[in-house]
Amino acid sequence: MPTSPRSLGFIGTIATTTDATPRPTADHAADHAASRLRRHAIASAVATALAALPVAAMAQGAATDAASPAAASDDAPTRVLDVVLTTGTRGAPRTVADSPAPIDVIGGEQLQKLGGNTALRDALSQLLPSFLTTTQSSLSADSIARPAGLRGLSGAHVLVLVNGKRRHNSSIISLAPNNQSNGSNPVDIDLIPVSAIDHIEVLRDGAAAQYGSDAIAGVLNIILKRGDQGGGSTTTLGTRHHYDNGGHDNGTTVQEAFDVGFALPGQGFLRVALDGKLQEAAVRNTDATGNFYFPVNGQPDPRESTVNKKVYAGGLPEIKALNLSYNAERSFDDTISGYSFGTVSVRKGRVGQNFRRPNSLNIIPSLYPDGTAPVYTLDERDFQFTAGVLIERGGWNWDLSSSYGLNHVDNGSDHTLNASLGPTSPTRFDTFSSRFTQWTNNLDATRAFDVGLAKPLQASWGLEHRQETYRTRSGDPLSYAFGGYVFPSGPLAGSLATTGAQGAITVTPADEADLRRNSVAAYVDFGLTPVKALFIGLAARAEHYDDGSGNTASGKLSARYELSSALALRATVSNGFRAPALPQSGFAQTSNQYNIVNGVSQFVQSKSVQVNSAIGQALGARTLKPEKSTNFSAGLTWSPSRELNVTLDAYRIDLKDRIAQTGFLAGAAVNQLLIASGFQSGQSIKYFANAIDTRTSGLDLVGDYTQDLRSRGTLRWTLGFNLNKTRITRIADNPSQLAGLGLTLFDRAAQGAITDSTPRSKLILGAAWRVADWDLTLRTTRYDKNRLLNVNPQFDQAYAARWVTDLDVGYRLNARTTVAVGANNLFNIYPSKNTVPDTNGFPPYSSISPFGIYGAYYYARVGVTF
1 MPTSPRSLGF IGTIATTTDA TPRPTADHAA DHAASRLRRH AIASAVATAL
51 AALPVAAMAQ GAATDAASPA AASDDAPTRV LDVVLTTGTR GAPRTVADSP
101 APIDVIGGEQ LQKLGGNTAL RDALSQLLPS FLTTTQSSLS ADSIARPAGL
151 RGLSGAHVLV LVNGKRRHNS SIISLAPNNQ SNGSNPVDID LIPVSAIDHI
201 EVLRDGAAAQ YGSDAIAGVL NIILKRGDQG GGSTTTLGTR HHYDNGGHDN
251 GTTVQEAFDV GFALPGQGFL RVALDGKLQE AAVRNTDATG NFYFPVNGQP
301 DPRESTVNKK VYAGGLPEIK ALNLSYNAER SFDDTISGYS FGTVSVRKGR
351 VGQNFRRPNS LNIIPSLYPD GTAPVYTLDE RDFQFTAGVL IERGGWNWDL
401 SSSYGLNHVD NGSDHTLNAS LGPTSPTRFD TFSSRFTQWT NNLDATRAFD
451 VGLAKPLQAS WGLEHRQETY RTRSGDPLSY AFGGYVFPSG PLAGSLATTG
501 AQGAITVTPA DEADLRRNSV AAYVDFGLTP VKALFIGLAA RAEHYDDGSG
551 NTASGKLSAR YELSSALALR ATVSNGFRAP ALPQSGFAQT SNQYNIVNGV
601 SQFVQSKSVQ VNSAIGQALG ARTLKPEKST NFSAGLTWSP SRELNVTLDA
651 YRIDLKDRIA QTGFLAGAAV NQLLIASGFQ SGQSIKYFAN AIDTRTSGLD
701 LVGDYTQDLR SRGTLRWTLG FNLNKTRITR IADNPSQLAG LGLTLFDRAA
751 QGAITDSTPR SKLILGAAWR VADWDLTLRT TRYDKNRLLN VNPQFDQAYA
801 ARWVTDLDVG YRLNARTTVA VGANNLFNIY PSKNTVPDTN GFPPYSSISP
851 FGIYGAYYYA RVGVTF
């Protein structure tokens, strides 16, 4: 079978399983700490034990357990640094130890263990110190496709590959305030079955010169399982720690994962995987304050004394999801083979919203005499199929492929109304649909040339064509119609009812988008070893977009020098780019939500407008330009023995013309523009702009240390640490249109979402103990403090650091069956409480928590192999 840039990763020494439920890996703290239940005591004990090692033991992203000696098999085969990579290199195989850039390898066994308990992006956050997710408690689609990022940047700055091929983006645009991904539509990795994944390679370095747009913070390359036999099934049942939430659901979840391999005629295989998930909602609320009903004869309504005031219904969404995948390959002769892989997903989600009280302009008493908590609904369909051929001719390895992906989402609202329509208003709406497609065609070629150096020169080149489309379609006209209903009697007599579906995002016909663009690119990539101890990598890429993004060029220089067999230095310098996401140019919507204004949570009607719309232009919006980056990194790898691996890397990412959403633009002048454009006055406007330049600086310290305890098993210590800070180096000049209205393009609250919303550091400590048929995994993570800034500094909120501990205990019943019990957030830790007064009964905890606001999750797991 011919080799290729795509196929090289599968000849490595990582433990590739054909078993959906391998023996669980285990972590265990020192004996004296295991018996203590206080969370800080356990964290302290683990840290003390690690410090007592010959050197600080560090995890390869705290995530390589499944690829490690302790996890791969009882014979402890090959160390993590010997794992052969596909990411960040082309041609001749390179290992983690040989890589000139930092790469974490996360094994499928560890993902299977964590992915059965939570979403894939949350599993990565538990394992990778530089990977963070963000809490979104009640923000429609953002609560389902949650924002995540790498090295302090957003998911929009991370390129996702599957088997080395670009994965398509979601059509869901992130509109959550106070997060790095605002305005982008990142790849949704939760739509890839965890049971299909052999391992994930995480390149923590700029790679736009190698892979193109988006690869600024790094690359996730998801490698699917191979093999023509074996498989398994894993069933996980879990629930959240009890919380008095007024009778709402508490997050009980059932997940099923299955995979199996088949032989194809000739030399080939077909691997099929399926993941299913049923998740209840989880709500964390408090009692709302104030009256729900109007007074009766000057006295409080008698219902005030009996009404349930834990009415806020937002939180962890209710989800029904099914993800399927296949991975196939077949050789036709010694020089030609074909391959294909793909995924198909369906997902339905429901997210509760804030309660609309019966004594407000948002409610029609005859429809909801006691008020209502609207529910956002999502109905999603997603697929991607890739096919290609590998050919070996004339000394070159050729890889010709085509991949097509589509994501379609129907958005709606239930238990709602458009009060401006009066008593005839529907109580359910289909509000809008969004659709994103991506068609990518690649030709890659690589070969080695003997030019008299210490090793052959590896030369690679390639061509790429990519077409992307983004479309939104307006939904039910009644969801956004202005009905003009005036309350005829009662305390609100003569008042105009609120317009628009409550707790929903609506798109009018004028807001619809229908965008398409093509890009063509060419790259070259060279790897040379002038002397045995020195490797130098050179890459360059030119790309042309047929929309306003224009032409881009990027390059990368990387080097690795071996000071000894155990110690090596490495460094990279590169520039990159990210073309504006099509939704950032084309998405427009109207919504009603609660925001903190002057220290009080207030009902705000907001509207995002397109940059080329009349109202956007009147407020200074301009055609978006690509973001451009310059990346620097330097580090070292140290592996003095097969038991100890250490990597230390410093980095700096300068990002120019970074795209972000403006703050709320409101006032009398904005109202006039709204009316002139045919919209209702009183709304706050936002749009996307190349608003800022930023500099992100940080440090990654990762590694692992394995102890052979002989008859008492194998103990593996891990540590991962990320230190990260982003600051704004320039804010774009305030457009004259805004200056003339006394408004600011990018206010203090918007700045804080970039600079202060994520923790400055993240520390992961862990230990894995395997003895006989037992596996124990203990991991504790410290998330540093963070802040939520307000336009007025008086209302800033600061949230303290937190330790969060996870435990998993597994037992092998027989050769085919394992059982396990465990807990994520074992000690039921919550973030700091909010300090801004609230009358709505919102969650009392930080809305920007990196580990969520839902407390402990307890689970049991059963795995069967065949």
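For the sequence shown, the numbering used here puts the final residue at 866, and the numbers step up evenly by one. Ideal Cβ placement from N, Cα and C applies to all residues, glycine included.
Since residue i and residue j are thought to touch, with beta carbons under 8 Å apart, how far apart are those beta carbons, to the nearest angstrom?
| i | j | result |
| --- | --- | --- |
| P844 | N834 | 6 Å |
| L443 | T529 | That belief does not hold up - the Cβ atoms of L443 and T529 are roughly 26 Å apart, past 8 Å. |
| V162 | I192 | 7 Å |
| N359 | R271 | Rounded, the Cβ-Cβ distance is 59 Å, inconsistent with contact. |
| I536 | A559 | 5 Å |
| G586 | A513 | 3 Å |
Going along the chain, which residues of its own chain have a beta-carbon closer than 7 Å to the beta-carbon of residue i, five neighbours each way excluded?
| i | result |
| --- | --- |
| D747 | G663, V791 |
| Y485 | A419, S420, L421, G422, A497 |
| G682 | Q605, N671 |
Keeping to the same chain, check which residues put their C-beta closer than 6 Å to that of residue i; ignore five residues upstream and five downstream.
| i | result |
| --- | --- |
| L124 | F131 |
| P374 | Q353, S413, H415, T416, Q502, G503 |
| D439 | This sequence places Trp at residue 439; Asp is not what is there. Result list for W439: Y404, Q467, in chain order. |
| K348 | K320, D379 |
| A215 | L159, A207, A208 |
| E464 | N442, A521 |
| T499 | S420, F482, Q680 |
| G366 | Looking at the sequence itself, residue 366 is Ser, so the reference to Gly does not match. Around S366: P423. |
| T875 | As displayed, the chain neither begins before 1 nor continues past 866, which places residue 875 out of reach and without an answer. |
| S847 | none |
| R802 | Y783, I829 |
Would residue i and residue j be called neighbours here (beta carbons separated by less than 7 Å)?
| i | j | result |
| --- | --- | --- |
| V194 | H248 | no |
| A288 | S325 | no |
| W738 | G698 | Just to set this straight, residue 738 is Leu in the shown sequence, not Trp. Going by C-beta atoms, L738 is not nearer than 7 Å to G698. |
| L390 | D399 | yes |
| A899 | K556 | The displayed coordinates of the chain run from 1 to 866. Any statement about residue 899 would go beyond what the structure contains. |
| A581 | Q610 | no |
| I659 | T694 | no |
| L759 | D784 | In the sequence as displayed, the identity of residue 759 is Pro instead of Leu. Yes, they are a contact pair. |
| P583 | N285 | no |
| F632 | V573 | yes |
| T446 | E392 | no |
| V524 | W461 | yes |
| Q126 | L114 | yes |
| V646 | G720 | no |
If you reduce the DSSP assignment to three classes, tell me which class residue i lands in.
| i | result |
| --- | --- |
| F294 | coil |
| A533 | coil |
| S460 | strand |
| I675 | helix |
| F131 | strand |
| A41 | Bear in mind that the predicted position of A41 carries a pLDDT of just 37, short of 50, making it unreliable; the figure below should be weighed with that in mind. A41 falls in the helix class under three-state DSSP. |
| V670 | helix |
| T424 | helix |
| I685 | strand |
| P640 | strand |
| G752 | helix |
| F721 | strand |
| S565 | coil |
| D228 | coil |
| S846 | coil |
| L743 | coil |
| A33 | Caution is warranted here: a pLDDT of 36 is assigned to A33, below 50, making its placement in the model unreliable, and the coordinate value is therefore given only provisionally. Correct three-state label for A33: helix. |
| E392 | strand |
| I853 | coil |
| E512 | coil |
| I189 | helix |
| Y830 | coil |
| V162 | strand |
Run through the DSSP bridge pairs and tell me what residue i is partnered with.
| i | result |
| --- | --- |
| V611 | Answer by DSSP bridge pairing: none, since V611 is not bridged. |
| A521 | E464, E543 |
| K656 | K628 |
| V105 | E201 |
Give a yes or no on whether 7 Å exceeds the smallest Cβ distance from residue i to chain B.
| i | result |
| --- | --- |
| P759 | The chain inventory of the structure shown lacks chain B, comprising one protein chain alone. |
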